[in-house]
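>
Numbering (our numbering), first residue to last: 9 to 92.
1. Is the separation between the beta-carbon of residue 47 and that of residue 78 shorter than 8 Å?
2. Would you call the region 57 to 76 and the region 14 to 34 in contact, with 3 or more CB pairs under 8 Å?
3. Taking only three categories from DSSP, how would you classify residue 68?
4. Going along the chain, which residues of its own chain have a beta-carbon closer than 7 Å to the beta-carbon of residue 45, five neighbours each way excluded?
5. What beta strand (DSSP E) runs, 3 residues minimum, are completely inside the region 17 to 55?
6. What three-state label does DSSP hand residue 75 in the structure shown?
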């Protein structure tokens, strides 16, 4: 039984390393580009800008759309409850 537990840990470790490498190669560079758009958003909004951002936040809308686009490629491989 101890050998089985050791094998499970090795497979789990290998899977985690694979996911980390996938994120580093596929997601981070593209999400970093999307996140850098945050620097263009005013960080001292006026009252009217603040009200507009509460109603519609263009940065978050774009960031979420970018994230969805990145994940859509992997949707067939993901567990449906994790994707939705």
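We put the beta carbon where it would ideally sit given N, CA and C, even for glycine.
Everything numeric in this text was worked out from a predicted model, so none of it was measured.
Taking the definition as stated:
1. The residue given as residue 47 occupies position 39 in the chain shown. The residue given as residue 78 occupies position 70 in the chain shown. Taking 8 Å as the Cβ cut-off, residue 47 and residue 78 do not qualify as a contacting pair.
2. no
3. Within the chain shown, numbered from 1, the residue matching residue 68 stands at position 60. Reduced to three states, the DSSP call for residue 68 is helix.
4. The residue you call residue 45 lines up with position 37 of the chain shown. Cβ neighbours of residue 45 beyond the five flanking positions: 67, 70.
5. none
6. Mapped onto the chain shown, residue 75 falls at position 67. Helix, per DSSP.
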